[in-house]
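Below is one structure; the comments refer to it alone.
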Amino acid sequence: MSAANPVTLPLASYQARHVRLAVDGKVATVTLDRPERKNPLTFESYAELADLFRAAAKDKTVKAFVITGAGGNFCSGGDVFEIIAPLIEMEAAALLDFTRMTGEVVKAMRAAPQPIVAAVDGVCAGAGAILAMASDLRIGTPTAKVAFLFNRVGLAGCDMGACAILPRIVGQGRAAELLYTGRVLAGEEAERWGFFNRLADGGAVLGDAQKLAAELAAGPSFANAMTKRMLEMEWAMSVETAIEAEAVAQALCMETEDFVRAYRAFAAKQKPVFEGN
């Protein structure tokens with residue numbers, strides 16, 4: 341269940357079987373690339389994604405990610421024949437190895453310092469819905485179909501962090517509905533619920549996501565990484581502890597050159613140009 345081609349730095353050199361990565365300036369676009377099957381995940385692609393986002397923590401060039409799917413769909417989840425069928429034959433220890441391995445993808449995405457923007461069109465189901473959920477921001481389309489459909493195959497909704505992360509996005513009651521029923525959350529409803537930050541036309545969703553990622557990448561990347569880290573950490577903190585943690589985090593940001601650049605640009609009535617240090 342390890343990647344056939346582990347990531348080497350820089351990320352621009354990354355190649356894999358089911359995942360494409362293209363780096364354009366400070367933005368890396370990750371494309372799930374099995375369009376003939378609506379981009380299902382395999383044992384190999386799970387590992388490739390985990391390797392990629394772990395490597396992102398050490399990459400100094402890429403400042404934001406976009407994750408999307410080829411051929412008008414985001415991801416149909418785990419491949420029925422390449423994953424589900426083998427799982428039926430596994431014993432408990434191997435099954436636990438698998439479920440822990442899939443969770444590593446979400447851990448790697450959440451630990452990567454770069455903001456991740458999901459561009460979601462068409463089918464976004466099962467583990468595909470998890471990948472969108474684990475992203476920092478999500479742009480969808482009116483025709484997107486999001487489904488956390490684990491219960492439809494006899495499994496619990498608690499998969500890859502769904503019970504922890506999804507309620508933070510849409511609220512406890514709505515998350516419970518999606519995880520208990522496995523029903524499809526259509527694009528416009530997903531936007532109303534807050535799962536999608538906004539909608540775009542199908543032909544524009546990837547470009548809109550890349551534009552947003554480029555805007556984030558042009559920002560103060562040290563500070564953006566701090567925001568992502570604190571959003572993750574503070575969920576389990578008391579308000580008092582969170583305020584103290586933010587005081588320390590913000591003081592560290594005030595030591596960066598980007599903070600100085602912003603002040604000088606403001607004083608000169610110019611737009612700051614951030615360099616991430």
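Numbering follows the working numbering, in which position 163 of the sequence shown is assigned residue number 503; successive positions increment by one, without gaps. From the three backbone atoms N, C-alpha and C, an ideal C-beta is built for every residue, glycine too. Only a predicted model underlies this, so the values are computations on that prediction, with no experimental measurement involved.
- Where residue 593 is concerned, the enclosing alpha helix (DSSP H) starts and stops at 579-593.
- Residue pairing from DSSP places residue 360 in a beta bridge opposite 371.
- Burial is judged here by how many other beta carbons sit within 10 angstroms of a residue's own beta carbon; residue 376 has fewer than 16 and is exposed.
- With respect to residue 474, residue 449 sits close: the two C-beta atoms are nearer than 8 Å.
- Here residue 479 is bridged, per DSSP, to 459, 538.
- By alpha-carbon distance to residue 589, the top candidate from 578, 566, 571 is 566.
- For residue 611, the number of other beta carbons within 10 angstroms of its own is below 16, and it is reported as exposed.
- Less than 8 Å separates the beta-carbon of residue 542 from that of residue 461.
- According to the DSSP assignment, residue 524 belongs to no alpha helix (DSSP H), since it is labelled neither H nor E.
- Three or more beta-carbon pairs separated by less than 8 Å link the stretch 390-402 to the stretch 350-362, which places the two stretches in contact.
- Contact between the stretch 514-522 and the stretch 487-505 is established, with three or more Cβ pairs separated by less than 8 Å.
- In the three-state DSSP reduction, residue 490 falls in the helix class (H, G or I).
- DSSP lists no bridge partner for residue 410.
- Assignment of residue 471 by DSSP, reduced to helix, strand and coil, places it in the helix class.
- In this chain, the alpha helix (DSSP H) harbouring residue 550 covers 545-557.
- Taking the Cβ atoms as the reference, residue 406 lies roughly 5 Å from residue 550, within the contact range of under 8 Å.
- Taking each of 562, 410, 569 in turn and checking the Cα distance to residue 617, the smallest one comes out for 562.
- The shortest C-alpha to C-alpha distance from residue 383 to any of 398, 427, 413, 410 is the one to 427.
- In the three-state scheme derived from DSSP, where H, G and I count as helix and E and B as strand, residue 421 is classed as helix.
- For residue 400, the three-state secondary structure derived from DSSP is coil.
- With fewer than 16 other Cβ atoms from the protein chains shown falling within 10 Å of its own Cβ, residue 365 counts as exposed.
- Nearest C-alpha to residue 388 among 422, 445, 572, 433: 445.
- In the three-state scheme derived from DSSP, where H, G and I count as helix and E and B as strand, residue 381 is classed as strand.
- Assignment of beta-bridge partners to residue 485 by DSSP yields 463, 526.
- With a contact defined as Cβ atoms closer than 8 Å, residue 539 and residue 533 miss out at about 12 Å.
- Around the C-beta of residue 470, 16 or more other C-beta atoms lie within 10 Å, and the residue is accordingly described as buried.
- Burial state of residue 498 is exposed, judged by a 10 Å Cβ sphere holding fewer than 16 other Cβ atoms.
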